[in-house]
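Undergrad: Here it is, the structure, as structure tokens.
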Amino acid sequence: MLQRITAYLLIISLLTVNFTRLFVYAGFELNRNYIATKLCENRNKPWMHCNGKCYFMKKIKQAEDSKAAGERSSQKNLFQEAGFNEPEQIKFHSILLAVIASPEPPINLPTQIRPIFQPPRLS
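Residue 121 is where the sequence shown starts when you use my numbering, and the numbers rise one by one after that.
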């Protein structure tokens with residue numbers, strides 16, 4: 121029972137993080153009249169037909185900035201945890217380092233150097 125509740129809470133928290141923009145939009149749509157009359161920067165300029173969109177854009181920007189700041193702080197914490205106190209000891213086993221003799225004879229390469237590229241001759 122406790123595991124199910126924990127699983128549901130984790131799922132809900134993941135969804136709220138991913139759908140922050142949707143929640144800001146839903147809040148704007150539900151309170152559109154109040155935002156347009158009380159919170160809008162352009163409420164004294166009705167010819168602009170802002171109707172609270174300036175406030176909505178400001179809230180969206182704040183949500184994106186807070187999300188980006190949260191991601192940066194989580195990445196910063198990951199970098200701080202990556203530290204080692206004791207040096208690693210490297211051991212070589214002589215069995216692994218033994219040279220294995222190949223049964224095939226070595227390949228004899230030609231010792232004379234010949235030019236490969238020859239430009240075309242003009243007659």
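Glycine residues also receive a C-beta, built at the ideal position from the N, C-alpha and C atoms.
#1: How is the alpha helix (DSSP H) around R124 delimited, first residue to last?
#2: Determine contact between the segment 145–157 and the segment 182–192, defined as no fewer than three beta-carbon pairs at a distance below 8 Å.
#3: Quick check on DSSP: helix, strand or coil for L242?
#4: Would you report the Cα separation of P235 and L242, rounded to the nearest angstrom?
#5: Would P223 count as contacting chain D if we go by Cβ distances under 8 Å?
#6: For a test of the three-state rule: what should DSSP assign to K211, helix, strand or coil?
TA: So, from the data block:
#1: L122 to N138
#2: no
#3: coil
#4: 19 Å
#5: Going by chain labels, chain D is absent from the structure shown, which holds only one protein chain.
#6: It is coil, neither helix nor strand.
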